[in-house]
Every structure is written in C-alpha cells, then in structure tokens.
C-alpha cells in the first residue's frame, strides 16, 4: 500500500513538473502576442476592421521592440555571469598562490579571516572590520584613512 501511494505521488509530481515546463517553456512570438492582444482589444472595445488593422500594427511594433529589449537584457545577464565566473576563478587562483606561500599556522589564520569576512557579508556588513585585518582603519574604500 505504501509503495502504491509513493508511486502515485511520484507520478503526480512528474506530471506537475512536466506541465510547468510546458507552460513556462517557449514564449509566443511577437506576432502571436500582438494578434492575441489585438483580438482581446477588438472584443472588449468593439473595434472595426480598420481599427483592428491599425491596432495590430501598433501592437506588433511594440511586441517586436520588447522582444529585442528582452534579448539584449538576456545577453547582458549572460555576459555578467561569465564575467563573474572568470573573476571567481581568478580569485581562486590568487588564493591558491597565497596559500602556497603561507606557513600552516598562517594558512589556518587566513582561512579563519576569510570565513569571518564571508559571514559578515552574509549578515549584510560587506566592509566589516576584522581583528587583525591588514586593511583595518580604511573608510569605505574611497581613499580615506
């Protein structure tokens, strides 16, 4: 009985997941969105055929514009993501080189300092001062002491 309930639950979860993917998957084309919007407006506002043609042209113009803007934003986000990954790899490489220079005791202390900094960032204090931090005394990173 328990196996049957578990199997049924799994099937329901898979079905819901599949439906969500289909619904959130492919976005309608600008032409389809413009047509759908125009049809709704035609029904609601009782547009004439001439008005429908004009409204369709307007809706299509802006649907295409919005599509281009979305594609641009997506490209920008992907570029930022790649930039962040490159920076993360660079920081990892830097840390590995630093670790190679330090003694075991220094490595342990350095690891502790980094963990404290990470915790401070998680708590919303990105510039929190850490005891023993060589940057101690800086004010906001804009050249002041």
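Numbering (this note's numbering), first residue to last: 10 to 154.
Each residue gets a CB set at the ideal place from its N, CA and C atoms; glycine is no exception.
- Straight-line measurement puts the Cα of residue 56 at about 14 Å from the Cα of residue 45.
- If you look at residue 53, you'll find it in the alpha helix (DSSP H) that goes 39–54.
- Three or more Cβ pairs closer than 8 Å define a contact, and the stretch 34–54 falls short of that threshold against the stretch 80–90.
- With three or more CB-CB distances shorter than 8 Å, the stretch 34–43 counts as touching the stretch 58–72.
- Around the Cβ of residue 112, a 10 Å sphere holds fewer than 16 other Cβ atoms; the residue is exposed.
- Under the DSSP assignment, residue 78 falls in the alpha helix (DSSP H) whose first and last residues are 58–110.
- Here DSSP, grouped into helix, strand and coil, assigns residue 125 to helix.
- In this structure, residue 108 lies near residue 116, with their beta-carbon atoms less than 7 Å apart.
- Rounded to whole angstroms, the separation of the alpha carbons of residue 85 and residue 106 is 32 Å.
- Between the alpha carbons of residue 90 and residue 98 lies a gap of roughly 12 Å.
- Sequence-distant partners of residue 76 (beyond 5 residues in either direction) whose C-beta falls short of 7 Å from its own C-beta, in its chain, are 39.
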